[in-house]
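Residue numbers (this note's numbering): 28 to 255. For glycine and all other residues, C-beta sits at the position ideal for the given N, C-alpha and C. Worksheet for the structure shown next.
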Ligand code: 6PG
């Protein structure tokens with residue numbers, strides 16, 4: 028269960044380092060295969076890193092953004108992860124980067140999951156930026172969620188599935204990347220802040236009692252980026 032911890036003196040340094048790491052990996056992907064595919068989490072913590080990333084001097088037409096997970100709400104909703112990403116990444120998107128939505132207007136939750144899966148499954152993620160909640164969820168893998176096993180099934184061919192998570196912020200109905208979709212990413216970064224979240228993660232790694240621990244089953248190490 029390899030984890031590499033990188034500790035930063037403060038959140039500004041953490042956000043700058045996360046942006047630089049994503050940029051470095053995107054540049055390498057573009058150099059080797061012409062295109063970079065970057066999967067980004069929602070929530071509130073990583074936004075400054077995304078804003079910093081969008082200021083980077085990358086050939087943005089060669090960059091494709093995916094969501095790690097989405098609340099099942101229209102982009103007009105304050106809770107939409109796509110909305111937050113479009114806002115934070117605006118300069119990159121204006122310069123030609125693309126963002127593939129998970130949410131689909133007018134579709135049912137399961138139809139939207141099937142459509143997002145069709146768009147996402149053929150793509151190889153070069154770098155995935157994960158977050159974590161205080162309950163030990165990552166992506167939309169919530170502890171005790173009734174369909175959690177579908178998201179964590181190591182043999183699923185799906186890249187995106189739906190989830191119902193009654194205690195989740197923004198919307199109980201969710202769309203999320205599956206464990207195999209993230210496990211095969213070129214790099215997985217887990218960006219967390221606060222002593223509390225550090226303790227939650229350390230406990231999850233020791234006891235496997237929270238979904239975030241599933242991230243660490245992959246062969247390559249997960250880079251944990253942390254500041255108080
Ligand atoms: C979401 C997320 C989620 C997030 C964690 C942490 O839609 O809620 O993508 O998995 O990464 O909940 O969120 P915060 O950064 O807001 O604490």
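- Message: Tell me the residue span of the alpha helix (DSSP H) that contains residue 234.
- Response: Translated into the one-based positions of the chain shown, residue 234 becomes position 207. Here the alpha helix (DSSP H) through residue 234 covers 222-234.
- Cα-Cα separation between residue 159 and residue 134, rounded to whole angstroms: As a position in the chain shown, residue 159 is number 132, starting the count at 1. As a position in the chain shown, residue 134 is number 107, starting the count at 1. C-alpha separation (whole angstroms): 28 Å.
- Message: Please state the DSSP three-state secondary structure of residue 42.
- Response: Walking along the chain shown from the start, residue 42 turns up at place 15. Three-state DSSP puts residue 42 in a helix.
- Message: Runs of 4 residues minimum, wholly inside the stretch 70-133: which ones carry the alpha helix (DSSP H) assignment?
- Response: DSSP runs (the alpha helix (DSSP H)) wholly in the stretch 70-133: 74-81, 108-115 and 117-121.
- Separation of residue 210 from residue 103, as counted between CA atoms: In the chain shown, the residue the question calls residue 103 occupies position 76. In the chain shown, the residue the question calls residue 210 occupies position 183. Between residue 103 and residue 210, the C-alpha separation is close to 31 Å.
- Say the cut is 7 Å; is the CB of residue 64 nearer than that to a heavy atom of the ligand 6PG? As a first step, residue 64 must be located in the chain shown, where it is residue number 37. No, Cβ of residue 64 sits at least 7 Å from all heavy atoms of the ligand 6PG.
- Task: Ignore the nearest five residues each way along the sequence and tell me which others in residue 120's own chain have a CB closer than 7 Å to its CB.
- Result: Walking along the chain shown from the start, residue 120 turns up at place 93. Residues 113 and 126 of the same chain have their beta carbon placed closer than 7 Å to that of residue 120, with the five preceding and five following residues left out of the count.
- Closer than 7 Å: residue 96 CB and nearest the ligand 6PG heavy atom: Locating residue 96 in the chain shown gives position 69, counting from the first residue. Yes, the ligand 6PG has a heavy atom inside 7 Å of this Cβ.
- Message: Which residue wins for smallest C-alpha separation from residue 201, given the options 172, 98, 63 and 161?
- Response: Working through the chain shown from its first residue, we reach residue 201 at position 174. Of the residues 172, 98, 63 and 161, the one whose Cα lies closest to the Cα of residue 201 is 98.
- Message: Let me make sure I understand the geometry here. Which of 208, 54, 44 and 63 has the alpha-carbon closest to that of residue 73?
- Response: One-based indexing of the chain shown puts residue 73 at position 46. Taking the Cα of residue 73 as reference, the smallest distance to any Cα among 208, 54, 44 and 63 is reached at 44.
- Message: On a Cα-Cα basis, can you pick out the residue from 69, 39, 34 and 78 that is closest to residue 50?
- Response: For the purposes of this step, residue 50 is taken as residue 23 along the chain shown, with counting starting at 1. Per the Cα distances, 78.
- CB-CB under 6 Å to residue 157, same chain, minus the five flanking residues each way: which ones, in chain order? On the chain shown, position 130 is the one that residue 157 refers to. Contacts found: 68, 165 and 217.
- Query: Which first and last residues belong to the alpha helix (DSSP H) in which residue 150 is found?
  - Reply: What you label residue 150 is simply residue 123 of the chain shown in a count that begins at 1. For residue 150, no alpha helix (DSSP H) encloses it, and the DSSP letter there is neither H nor E.
- Item | residue 190 - DSSP class collapsed to helix/strand/coil | The sequence position of residue 190 within the chain shown is 163, counting from 1. In the three-state reduction of the DSSP assignment, residue 190 falls in the strand class.
- Item | beta strand (DSSP E) segments (min. 3 residues) lying fully within the stretch 161-213 | You should have 187-191 and 200-204.
- Message: Suppose you measure from the CA of residue 240 to the CA of residue 179; what does that come to, to the nearest Å?
- Response: The residue labelled residue 240 in the question sits at position 213 within the chain shown. The residue labelled residue 179 in the question sits at position 152 within the chain shown. Going from the Cα of residue 240 to the Cα of residue 179 covers about 11 Å.
- Task: Check whether the stretch 48-67 touches the stretch 212-229, taking contact to mean three or more Cβ pairs, one atom from each stretch, closer than 8 Å.
- Result: The answer is yes - the stretch 212-229 touches the stretch 48-67, with three or more Cβ pairs under 8 Å.
- Message: Going by beta-carbon coordinates alone, are residue 81 and residue 117 separated by less than 8 Å?
- Response: Here residue 81 corresponds to residue number 54 of the chain shown, with the count starting at 1. Here residue 117 corresponds to residue number 90 of the chain shown, with the count starting at 1. Using a Cβ distance threshold of 8 Å, residue 81 and residue 117 count as a contacting pair.
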